[in-house]
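Asks: Mind having a look at this structure? Questions to follow.
Residue numbers (the numbering used here): 77 to 326.
This is the structure in structure tokens:
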């Protein structure tokens with residue numbers, strides 16, 4: 077994929093925590109309007125890569141470009157202002173604040189006026205009707221699925237060009253995961269590209285157009301999600317299906 081067609085281009089990222097290096101030359105691309113998933117086992121470095129893109133983890137090597145801008149070394153505020161917003165693992169809603177207040181916090185950098193923000197709030201509540209029903213409720217008292225809806229909605233309130241979602245299905249029942257996946261597709265059809273980190277490999281590949289496999293801090297496979305879903309190494313490593321039992325690729 078060339079730089080000309082990429083909304084996000086991440087190349088050669090080395091990053092970690094203190095003396096512990098987690099990422100080793102990691103890179104990926106997200107095209108405008110596409111959903112891309114990043115899959116891998118626990119501890120592979122998926123969240124670290126997202127947090128590096130968001131500016132929360134300092135890289136020691138590599139580059140990050142977004143929409144023609146060089147964001148290498150940019151601050152989290154600059155990255156949000158450029159149009160990249162992350163929905164963090166664990167939701168991280170603000171306790172003691174209502175659902176509406178949490179959603180409006182997502183618009184804190186916007187300068188396009190109250191009317192535009194109100195219109196986008198209405199859109200979020202249309203996508204997630206349960207949030208409308210609980211608009212005045214303390215966000216910390218929501219169910220896990222409702223909290224994830226609120227966290228995604230808060231991200232959308234920032235008007236991102238790229239929404240990064242870390243562990244969409246964490247702790248949620250399959251029915252809720254299906255509901256959230258459907259909502260992400262609606263948001264994507266409105267023009268928001270997505271980078272989704274997900275440990276449930278089949279959920280991720282069903283949702284995404286393109287996938288990247290991260291193993292021990294390195295990208296080891298990438299391609300269309302349908303191709304990865306049929307790849308014997310992916311099926312064996314992440315689904316527990318031995319190669320001789322896997323169906324032939326379609």
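Even for Gly, the Cβ is constructed at its ideal location relative to N, Cα and C.
What you are looking at is a predicted structure, and each value in this text was computed from that prediction instead of being measured.
Could you give the DSSP three-state label for residue 233: helix, strand or coil?
Replies: Residue 233: coil per DSSP, three-state reduction.
Asks: One question on the structure: do residue 124 and residue 112 come within less than 8 Å of each other, judged by their Cβ atoms?
Replies: For residue 124 and residue 112, no; Cβs fall outside 8 Å.
Asks: Quick one: what's got a C-beta closer than 8 Å to residue 172's C-beta in the same chain, skipping five residues either side?
Replies: Excluding sequence neighbours, residue 172 sits near 214, 216.
Asks: Give me the residue from 153, 222, 209, 263 with the minimum Cα distance to residue 166.
Replies: Ranking the options by Cα distance to residue 166, first place goes to 222.
Asks: Taking the beta strand (DSSP E) that residue 300 belongs to, which residues open and close that run?
Replies: Residues 294 to 300.
Asks: Thinking C-alpha only, which one of 82, 108, 95, 117 is nearest residue 312?
Replies: Of the listed residues, the one whose Cα sits closest to residue 312 is 117.
Asks: Note down the Cα distance separating residue 178 from residue 184, rounded to an integer number of angstroms.
Replies: Between residue 178 and residue 184, the C-alpha separation is close to 11 Å.
Asks: I want to see whether chain C comes within less than 8 Å of residue 234, judged by CB atoms only; does it?
Replies: The structure shown contains no chain C; it is built from a single protein chain.
Asks: Under 8 Å by Cβ, that's how I've got residue 273 and residue 114 pegged, so tell me the actual separation to the nearest angstrom.
Replies: Sure, about 5 Å apart at Cβ, within 8 Å.
Asks: If you run the structure through DSSP and keep just helix, strand and coil, what is residue 150?
Replies: Residue state, collapsed to three classes: coil.
Asks: Would a C-beta distance cut-off of 8 Å place residue 285 and residue 110 closer than the cut-off?
Replies: Result yes, Cβ atoms of residue 285 and residue 110 sit closer than 8 Å.
Asks: Whole angstroms is fine: what's the gap from residue 142's alpha carbon to residue 232's?
Replies: Approximately 18 Å, taken between the alpha carbons.
Asks: If you follow the alpha helix (DSSP H) that residue 218 is part of, which residue opens it and which one closes it?
Replies: No alpha helix (DSSP H) contains residue 218, which DSSP labels as neither H nor E.
Asks: Hey, is the region 94 to 102 in contact with the region 292 to 307, meaning 3+ C-beta pairs nearer than 8 Å?
Replies: Yes, they touch.
Asks: Please report the residue range of the beta strand (DSSP E) in which residue 110 lies.
Replies: No beta strand (DSSP E) holds residue 110; DSSP gives it neither H nor E.
Asks: Give the straight-line distance between the Cα atoms of residue 137 and residue 240, rounded to the nearest whole angstrom.
Replies: The alpha-carbon atoms of residue 137 and residue 240 are separated by roughly 21 Å.
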